[in-house]
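Undergrad: One structure coming up, written as C-alpha cells, with questions to follow.
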Amino acid sequence: MASAASKDVEKGKYYTDLFANTLRQRPGFKDEISQSFAKISSMASGTDPNYVFVVTCDVSSEFCQRGYIAHMGDDRKTMNFCDKFFTLAEIKGTNDRAKDCQTMDLRDAHRSKAAILVHEMTHTRYAMLWEDPALDIAYGYTASYHLSRGLFDRSCVIYKGTKALCPNAKGQEGLCDAEDSGKNADSYALVAAGIYYTNRCNRVIPLPPAPNPLFTIDPNWEDSALPAKSSEMVGNPVGSPLPSSIPRRRRREDRRKALAARFDCPVYDDYIVIDGNGDESVG
1 MASAASKDVE KGKYYTDLFA NTLRQRPGFK DEISQSFAKI SSMASGTDPN YVFVVTCDVS
61 SEFCQRGYIA HMGDDRKTMN FCDKFFTLAE IKGTNDRAKD CQTMDLRDAH RSKAAILVHE
121 MTHTRYAMLW EDPALDIAYG YTASYHLSRG LFDRSCVIYK GTKALCPNAK GQEGLCDAED
181 SGKNADSYAL VAAGIYYTNR CNRVIPLPPA PNPLFTIDPN WEDSALPAKS SEMVGNPVGS
241 PLPSSIPRRR RREDRRKALA ARFDCPVYDD YIVIDGNGDE SVG
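Counting in full-length UniProt numbering, the sequence shown tops out at residue 283, every number present.
This is the structure:
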C-alpha cells in the first residue's frame with residue numbers, strides 16, 4: 001500500500017483532498033510525502049537495515065487494555081497488535097477488503113489492515129524523514145477532511161487526550177491549523193489506501209460525500225463584526241474556546257452567527273480510534 005503511494009502520490013484526489021493547500025504549494029512537499037511512503041514500504045518489508053523493529057501481539061499491554069487496535073513504540077522500535085486488530089468487524093484484511101472493489105469508497109478502503117500499518121509506521125521519526133513522528137490529531141475521513149481545510153475543532157471529539165494538540169488561547173483543545181494535516185497519521189493512511197485500491201481495483205476509489213463545513217472563511221471579515229458580549233452566544237460548552245480566543249475571519253452563514261458556529265460541533269461518527277499519541281513503549 002505504501003509502495004503504491006510512493007510511486008504516484010498525486011494519483012486520484014486523495015493527496016489534494018487530505019493535505020492542506022498551503023503545504024502542497026510548498027516546494028518539495030510532494031517529494032517529502034513520497035519519500036515518507038517509500039520509507040514506510042521499506043520498513044514493512046522487514047529488510048530495511050536503517051529501521052529494524054519487532055512485531056508483538058501482547059494483548060495485555062497497557063495500551064491494548066485501553067482499547068487500542070495497535071500501537072507503535074518508536075524509541076523501542078516495537079509495533080504491538082491488540083485483539084481488536086484481528087477481531088474488529090469494521091476493519092478487514094487487505095485482500096478481504098478488495099472483494100468490495102466495486103462498491104467501496106475511501107472511507108471503506110481506509111478500514112483495512114494495511115492502512116492501519118501505514119498509520120502506525122508514521123508514528124516513527126524514520127518514516128517522517130527524521131522529523132517528529134506523526135500524531136493522532138484527527139481520526140477518520142470526516143475529521144481529516146476538515147483538518148486539511150482548517151475547519152477541524154479538536155474540542156468536538158471524544159478521543160482528545162490530556163495534552164492539547166490544537167491549543168487555543170486558554171490552552172484547551174480548539175481549532176487546528178490546516179497544516180497539521182502534514183503530521184496527522186490518518187491523513188497518510190487515507191491517501192495510501194485510496195491510491196492502493198484504485199490500482200488494485202482498476203477503478204478510481206471515490207471520495208465519500210463532502211462533509212458539511214462547520215464554518216467557512218470570509219477574507220473580508222474583521223473582528224469588529226463580532227458581537228461585543230458573550231451574552232449574545234448560545235451557550236458555552238465545557239472545553240470550547242472563549243470569544244476572545246476564536247480565530248479571526250471565521251463565519252457561518254453570516255457574521256452574526258460566527259461565534260455561535262464555534263459551539264456547533266459536526267457529527268464525527270466515521271472514525272475508529274486506532275491508538276494514542278506519544279511514544280507508546282511496549283513492555
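For glycine and all other residues, C-beta sits at the position ideal for the given N, C-alpha and C.
What is the rounded straight-line gap between the Cα of aspartate 269 and the Cα of tyrosine 159?
TA: Their Cα atoms are separated by approximately 12 Å.
Undergrad: Let's see if you can read the secondary structure: which residues bound the alpha helix (DSSP H) around phenylalanine 85?
TA: First-last of the alpha helix (DSSP H) with phenylalanine 85: 83-87.
Undergrad: Do the stretch 195-202 and the stretch 133-148 meet, that is, are 3 or more Cβ pairs less than 8 Å apart?
TA: Judged by Cβ distances under 8 Å, the stretch 195-202 makes no contact with the stretch 133-148, as fewer than three pairs qualify.
Undergrad: By a C-beta neighbour count over all protein chains shown, 10 Å radius and 16 as the cutoff for buried, is valine 55 buried or exposed?
TA: The residue in question, valine 55, is exposed, as its Cβ has fewer than 16 Cβ neighbours within 10 Å.
Undergrad: What are the residues that DSSP puts in a beta bridge with threonine 78?
TA: Note: threonine 78 sits in a beta bridge opposite Val54, Gly73.
Undergrad: Between histidine 123 and the rest of its own chain, which residues show a CB-CB distance below 7 Å, the 5 nearest in sequence each way excluded?
TA: Same-chain partners within the cutoff: Met72, Asp74, Pro133, Ala134, Ala185.
Undergrad: Should the stretch 172-179 be called in touch with the stretch 142-160, which here means at least 3 C-beta pairs below 8 Å?
TA: Touching, per the Cβ criterion.
Undergrad: Output yes or no for whether 8 Å exceeds the beta carbon distance between proline 206 and aspartate 105.
TA: Cβ distance < 8 Å, so proline 206 and aspartate 105 count as in contact.
Undergrad: Taking the alpha helix (DSSP H) that leucine 23 belongs to, which residues open and close that run?
TA: Element bounds for leucine 23: 21-24.
Undergrad: When the Cα of leucine 18 is compared with those of Phe53, Gly140, Met1, Leu129, which residue comes out closest?
TA: Ranking the options by Cα distance to leucine 18, first place goes to Gly140.
Undergrad: Drop a sphere of 10 angstroms on the beta-carbon of threonine 142, count the other beta-carbons inside from all chains shown, and report buried for 16 or more, exposed for fewer.
TA: The residue in question, threonine 142, is buried, as its Cβ has 16 or more Cβ neighbours within 10 Å.
Undergrad: Tell me which same chain residues have a C-beta within less than 8 Å of the C-beta of arginine 111, skipping the five on either side of it?
TA: Glu90, Ile91, Lys92, Arg97, Ile272.
Undergrad: Where does glutamate 173 sit, in a helix, a strand or coil, going by DSSP?
TA: Three-state result, glutamate 173: strand.
Undergrad: So what's lysine 163 in DSSP terms, helix, strand or just coil?
TA: It is coil, neither helix nor strand.
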